[in-house]
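Worksheet: the structure to be examined is printed underneath.
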Amino acid sequence: MGSAFERAEGANGRAVARVLLDSALPQLDHLFDYAVPAELADDIRVGQRVRVPFRNRERKSFGYVIEFVDRSEFGGELAPIADLVTTVPQLTPEVWQLARAVADRAGGSAGDILRLAIPTRQVRVEKQHLAAAEAETEAAPPVEPAPPADPADLAHPGGPVAPTASAASAASAASAVPAASAASAAPSAPEAAVAAELVAGARLAFTASHGPERLHTGEWVGSWAAQLARTAIAVHALGRSAILVTPDYRDLDQLRDALAALGHEDAVRVDSRQSNGERYASFLRALDGVPRIILGNRSAVYAPAHELGAILFWDDGDPVLAEPLTPYVHARDAALVRAEQSRAGLFFMGHARSSEVQRLVELGYVRDQEFPPRRTRVIHADSSIAPDAFAGRVPEFAARTIREGLRSGPVLVQVATAGYAPVAVCGDCGDLARCRACAGPIGFRVVGRASCRWCGTYASDWRCSTCDGERLRERGMGSARTVEQFERQFSGVRVILSDGEHPRERVDGRAALVVATRGAEPLAAGGYRAVILLDAERLLSLETLRAGEDCLRWWENAAALAAPDGLCLMASGGGPVVQAFVLGQSTAWIRNELRDRQALRYPPAVRVASVSGGPDEVERALQQIAGLPGVDFLGPTPLPAGGAARTPAGLVRAIVRFEYGQGGEVARRLRGALVADAAGASSRTRSKSAPGRARPEALRLRFDDRGVFDG
DNA sequence: AGCACGCCGACT
DNA sequence: GTCGGCGTGCTC
3 MGSAFERAEG ANGRAVARVL LDSALPQLDH LFDYAVPAEL ADDIRVGQRV RVPFRNRERK
63 SFGYVIEFVD RSEFGGELAP IADLVTTVPQ LTPEVWQLAR AVADRAGGSA GDILRLAIPT
123 RQVRVEKQHL AAAEAETEAA PPVEPAPPAD PADLAHPGGP VAPTASAASA ASAASAVPAA
183 SAASAAPSAP EAAVAAELVA GARLAFTASH GPERLHTGEW VGSWAAQLAR TAIAVHALGR
243 SAILVTPDYR DLDQLRDALA ALGHEDAVRV DSRQSNGERY ASFLRALDGV PRIILGNRSA
303 VYAPAHELGA ILFWDDGDPV LAEPLTPYVH ARDAALVRAE QSRAGLFFMG HARSSEVQRL
363 VELGYVRDQE FPPRRTRVIH ADSSIAPDAF AGRVPEFAAR TIREGLRSGP VLVQVATAGY
423 APVAVCGDCG DLARCRACAG PIGFRVVGRA SCRWCGTYAS DWRCSTCDGE RLRERGMGSA
483 RTVEQFERQF SGVRVILSDG EHPRERVDGR AALVVATRGA EPLAAGGYRA VILLDAERLL
543 SLETLRAGED CLRWWENAAA LAAPDGLCLM ASGGGPVVQA FVLGQSTAWI RNELRDRQAL
603 RYPPAVRVAS VSGGPDEVER ALQQIAGLPG VDFLGPTPLP AGGAARTPAG LVRAIVRFEY
663 GQGGEVARRL RGALVADAAG ASSRTRSKSA PGRARPEALR LRFDDRGVFD G
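When the letters of the first sequence are read in order and numbered with our numbering, they come out as residues 3 to 713.
This is the structure we're talking about:
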C-alpha cells in the first residue's frame, strides 16, 4: 500500500515550496513561496503541515505545502520553511483541488474548507496509528493490496456490465421484500451492477422503497440503509472507496449496523459527535493507501478517500446537510464538485426527491431510476369532510386506526411541534400573547410554564396588551400535550415520546403509541402497524420557500417506517401538497414546484448570493456584477437591527440571483470586492470605528443560502 | 491583523 | 532641514 508519506510527492531537489497559510483573511487566500531548507529537503512532502515565518522573521504561521517548483515568481527574497508539524501529509492533492474549487464557487477561502476537511492533529493518536501501520508491514511485508474484485464475479457473469432499468428494478424488488429475505453477506447482483456504473462515473437518483428490513443479526433498519450499505460494499469490492453521507447520526447508526451485518466491520466513521482524537484516528485510517467505506455527516464529503469510486447520499433534502460555517457550502454541492473532479459516481437516495436533485435530473445530469419504489399504503381522512368527528386530539377515524394498530404492534403519531402547547393566548380576549422583552410569540414548552419562543424569557408577569388580562391559556397541541391526551384517551396503552430534545432511536415490536416530532421518529422493529400524520395544515403554514418540499420529505420518511402491511394515515389537511403525498406523486409535485421557481427565479432554478454590509461597501460590490448577463439583484434593503445576531443599525443587504453558468464569474467578482474591502479595511477601521471589535460594515457574502427568501 | 512605508504640516 | 501625523498597502 505504501504510507501516506511514501505516496506523497517530495521536493526532489526543487528549491521552492508553495504554501497555503492558515488565515481567515481573504487577502491571504493564495499560495506563498518559501525556500526549502537543506535540512528538510529529504523529509518534506506535498500535503504536509508546516510552520513558516510570516510578516517578519520571528512571527510564525501554519500552512500546508501545496506544491514544489524550481523557482519562484515572487520578486523578493524567500524566507525558509521553519518546521514540519508532522511527517504525515494531511492534505492530499485531490482534497486540495476540491477545497480550492468549492471555496471559489462559494466566494470563500480554501482554508475555511480545509478546516472542515482536516481535523486537528493529536500526537498520541498519530503515534499509535503509525506504530500500528509499522507493525503490520513487519508482520506481512510488501503485500500488494487485494486485487479489485472483478465486477463480473458479483454481477453479470462475462461481458461488460451494462446496468440499466432492469438491474435497478431488480434492486427495488429485492429491497421491497421484507423481513423474510435477510440481507446476505455478499453484495447482491443489482447493487453490484449499480456500483459498476457508479465507479464508471454514473450519477443516479433513487427514491428508496418504504419499509424496514431485518438484518441477519436480528437488527432492524430502514430498507434504504440495507440497500445503500450493499451498494457501498459493492463499490468497495471493485477496489474503490465509497463515501456515505447522511444528515444525522441516527441514520449513520442504521448504516453502520447494515454494513456490519453485511460483513463490513471496518468502515471509517466521521461524525460530528466524535471527540477530536476519534476524528483524527478516523482521518488517518481514511488516509491509508487502501480503499475504504467512509461513513459520516456533511463533512465526510471532504474525507481523503483513496481511489474514490462513489459518493452516496441519504436524504439530501435534509437542511442539516447545509454547512453552518463559512463559506456555508452544502454537502451536496461539494459532492457534485468532487465527483466531477475525481470522476467518481454520485448516488442520491431518499424517500422524497429534493428540488435540487430534481433539477439535475431534468437537466439530464443525474439519471432517474425507471421503476416505482414500494410505498406504504396511504389513506387520507380529511377532517374537512366530516368536521365534527373529532375524538380528543385526533379525528374519530384516526382514533379507530390507532386502536386497530395497537392490537398487534406499535403505532406512530407524527406531530408538528415539540413541547406542551406551541401557542399562548390571552385567557380573557383570546389575542395572541406577545413577549414583553422582544414581542415574540409565547408558547408553553412545559405544562404551566409559558416562555417566549424567540428569546426564551419566561412570561411570569405577562399582561395582555389588548384587554389587560393576566391569564394565559394554552392553544395548540405540542408533543407533550398530545402524550397527555393520549394517556387519557387510550388508557392502559404504553405511550412513548420522542422529540428533538429527547430523541429515541428505536422501539421494539410490542404495542405502544409513539408520539414523535417530525424527524425524530424512532425506528420500530418490524415496522409500525400504522403511521398517523397530524398537523398537516400547521406544517404547511410555515412561511418558508420550501414548506411543501419539507412536508413531503417529513411525511414520506414517516410513512417509510410502517410495516409492509401497515398503513399511513394523513389525518387532516388538504390542498396540492397533501394530495400529492396521498396519491404517491411527491416527485411530480416537486417537478411542478421547480417549474414555478423557474418562472419566479427562485432557487434552485437559479443560484443566489446575499451581499451585506455597509451601504457603500455593498454598493461597490454590486457595481462589480452590474450588467452581467443572467444576473440581477434585489435590494439593497436595510437589515433589521438587533435580533439574535445583534446586527448593528445602518447595514444593508442585497440578494443577487444568477444562472448556474454565471456562478464562477459572479463568485470571482464578488470575492474580488470582498478582498478589496478587507485590504482597505485597516485604515478605515482605525479612523472610523472602535478598536478591537470587528468592522461591522465589512462586506459579507453568502452563496446559496436556503433561507434568504424566508423573511 | 499588524507593520512598514511614504507623503504633507510644524518643529528643536 | 527633519520629526511624526496617519492614510495606504503588503505580508513569500
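Note that CB positions come from ideal geometry on N, CA and C, so glycine has one too.
Nothing here was measured: the structure is a model prediction, and the numbers come from that model.
Quick one: what's residue i bridged to in DSSP?
i, result
"Leu-515", "Val-413 and Val-497"
"Ala-37", "Val-18 and Pro-82"
"Gly-298", "Val-247 and Val-272"
"Ile-657", "Ser-612 and Leu-636"
"Cys-454", "Ile-444"
"Phe-705", "Ala-611"
"His-382", "Met-572"
"Glu-69", "Arg-20"
"Asp-370", "Ala-207"
"Leu-310", "Ser-243"
"Tyr-460", "Ser-453"
Using only CA atoms, which one of the options lies nearest to residue i?
i, options, result
"Ser-467", "Gln-491, Cys-428, Phe-64 and Met-479", "Cys-428"
"Gly-577", "Arg-540, Ser-274, Arg-379 and Glu-41", "Arg-540"
"Cys-437", "Ala-228, Arg-451, Ala-423 and Ala-461", "Ala-461"
"Cys-454", "Arg-697, Gly-432, Pro-424 and Trp-98", "Pro-424"
"His-42", "Phe-56, Asp-679, Pro-606 and Thr-88", "Note on residue identity: the sequence assigns Leu, not His, to residue 42. Here the closest residue by C-alpha is Thr-88."
"Ile-68", "Asp-259, Leu-672, Gly-113 and Val-497", "Gly-113"
"Leu-653", "Gln-626, Pro-698 and Glu-342", "Pro-698"
"Val-125", "Glu-280, Ala-607 and Gly-502", "Glu-280"
"Phe-34", "Gly-15, Val-71 and Glu-60", "Val-71"
"Ala-549", "Val-613, Val-580 and Gly-347", "Val-580"
"Val-237", "Pro-293, Arg-205 and Trp-456", "Pro-293"
"Ser-74", "Leu-365, Gly-203, Val-38 and Leu-118", "Val-38"
"Gly-298", "Gln-276, Leu-499 and Leu-30", "Gln-276"
"Arg-735", "Arg-59, Gly-529 and Val-584", "This structure cannot settle anything about residue 735, because the visible part of the chain is limited to 3 through 713."
"Val-396", "Val-495, Leu-535 and Val-380", "Leu-535"
"His-308", "Gly-291, Asp-259 and Gln-487", "Gly-291"
"Glu-193", "Val-509, Val-322 and Phe-349", "Phe-349"
"Ala-6", "Leu-132, Asn-594 and His-504", "Leu-132"
"Trp-222", "Arg-508, Pro-650, Leu-602 and Arg-520", "Arg-508"
If contacts are defined as beta-carbon pairs under 8 Å, then residue i and residue j qualify, I think. What distance do you get, rounded to the angstrom?
i, j, result
"Pro-638", "Val-620", "5 Å"
"Ile-245", "Ala-207", "Going by Cβ atoms, the distance from Ile-245 to Ala-207 rounds to 17 Å, so no, they are not a contact pair."
"Val-247", "Ile-313", "7 Å"
"Leu-525", "Gly-213", "Contact doesn't hold; Cβ gap of about 11 Å is too wide."
"Thr-459", "Ala-439", "5 Å"
"Ile-592", "Arg-377", "Contact doesn't hold; Cβ gap of about 16 Å is too wide."
"Pro-606", "Ser-344", "That pair is no contact at about 23 Å."
"Val-339", "Ala-103", "5 Å"
Would you kindly check if the distance between the Cβ of residue j and the Cβ of residue i is under 8 Å?
i, j, result
"Leu-86", "Val-18", "no"
"Arg-704", "Ala-324", "no"
"Arg-51", "Tyr-66", "yes"
"Gly-511", "Ala-522", "no"
"Leu-264", "Arg-242", "no"
"Gly-110", "Thr-328", "yes"
"His-382", "Thr-209", "no"
"Leu-414", "Val-516", "yes"
"Arg-216", "Ser-410", "no"
"Val-533", "Ala-564", "yes"
"Ile-115", "Ala-101", "yes"
"Leu-286", "Glu-128", "yes"
"Asp-501", "Ala-518", "yes"
"Ile-295", "Ala-288", "no"
"Arg-655", "Leu-641", "yes"
"Ala-700", "Gly-629", "no"
"Gly-49", "Ala-13", "no"
"Ala-227", "Leu-257", "yes"
"Val-710", "Phe-660", "no"
"Leu-714", "Asp-712", "One cannot answer for residue 714 here, as it falls past the ends of the chain, which runs 3 to 713."
How do the region 566-582 and the region 352-370 stand: do at least 3 beta-carbon pairs fall below 8 Å, yes or no?
no
Do the region 445-455 and the region 411-418 make contact, defined as three or more Cβ pairs closer than 8 Å?
no
Are three or more beta carbon pairs between the region 624-633 and the region 663-681 nearer than 8 Å?
Result yes; three or more Cβ-Cβ pairs closer than 8 Å.
Would you say the region 330-350 touches the region 307-321, given that touching needs at least three Cβ pairs under 8 Å?
The region 330-350 vs the region 307-321: in contact.
Touching or not, the region 425-440 and the region 462-477, by the rule of three or more beta carbon pairs under 8 Å?
yes
Cβ pair count under 8 Å reaching 3, the region 88-98 against the region 250-263
no
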